[in-house]
């Protein structure tokens with residue numbers, strides 16, 4: 003059996019807002035993907051970004 007690999011197309015060819023770098027990495031799932039969450043988390047070092055992501059993942063599993 004072949005592993006299922008989500009095919010995701012980019013949402014942006016170039017960054018539409020210069021101040022928000024990284025938007026070109028956002029992608030849109032195709033019909034085979036049930037759900038994908040792309041969430042930009044902006045903040046300085048030590049602001050708790052990783053803890054926020056961990057709590058969000060735990061909340062999604064609940």
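In my numbering, the protein residues as written are 3 to 64.
Yeah, the Cβ is synthetic: ideal placement off N, Cα and C, and Gly gets one too.
Ends of the beta strand (DSSP E) at residue 10? 10-12
Alpha carbon of residue 12 to alpha carbon of residue 21, nearest angstrom: 19 Å
Smallest Cα separation from residue 40: which of 27, 52 and 62? 27
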